[in-house]
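Per the working numbering, residue 7 is the first one in the sequence shown, and the count goes up by one each step.
In this text, a Cβ means the ideal position worked out from N, Cα and C, and glycines have one as well.
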Amino acid sequence: MNRILITAVCAWTLSIGVLHAQNQQSKVTVCNDKVMHTELVMLNKSLEDRGFTLVQFNTMNMPSGAYLPMIVQMEAGKMYQVNFISSKDFKEFNITLLDKNRTKLIDKKVKQKNGGKHQVSESFVAPYSGNFTLIVSQKVKGKDEACGGVSILKANK
């Protein structure tokens, strides 16, 4: 009986979390911040000059504190570079990459009070071919939403 109750509670909690994430994701719009766009393009260009190919690029208005999931398809054994640029007014931001078993391949939290930069670049080798979940969030001082940028590049070798 306890297993059934625990399973039901877990399923209910997960469904509420998914609905909340979908609701937050529906509020995401394209960001027109030219400075952020240029910063992300320049970061990507430096990686492309070193043999990477752009796989995904998004600049978006992110609700402050919302977790925004993205599905990313990757190939086994290939090296990837994941970049996130937050608003310069951020209090903190998070970037997490999960595999199919919800194992965190990247888990980075940056706080402004620690003198953190507003961008992060992480590389890793995909352990299998298939879908991965990238989750980004940022909390911004005094704003309901702020621009954020994500890019993913794959090594050509």
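In this structure, the beta-carbon distance from residue 88 to residue 45 does not fall below 8 Å. Cβ contact annotation for residue 130 (same chain, cutoff 8 Å, sequence separation greater than five): 85, 86, 88, 103, 111, 112, in chain order. In the DSSP assignment, residue 97 falls within the beta strand (DSSP E) that extends over 96-104.
Classified as buried, residue 132 has 16 or more neighbouring CB atoms from the shown chains inside 10 Å of its CB. Annotated three-state conformation of residue 162 is coil, per DSSP. In this structure residue 144 touches residue 154 by the C-beta definition: roughly 6 Å separates them, less than 8 Å.
Between residue 59 and residue 43 a beta carbon distance of about 19 Å is seen, past the 8 Å cut, so the two are scored as non-contacting.
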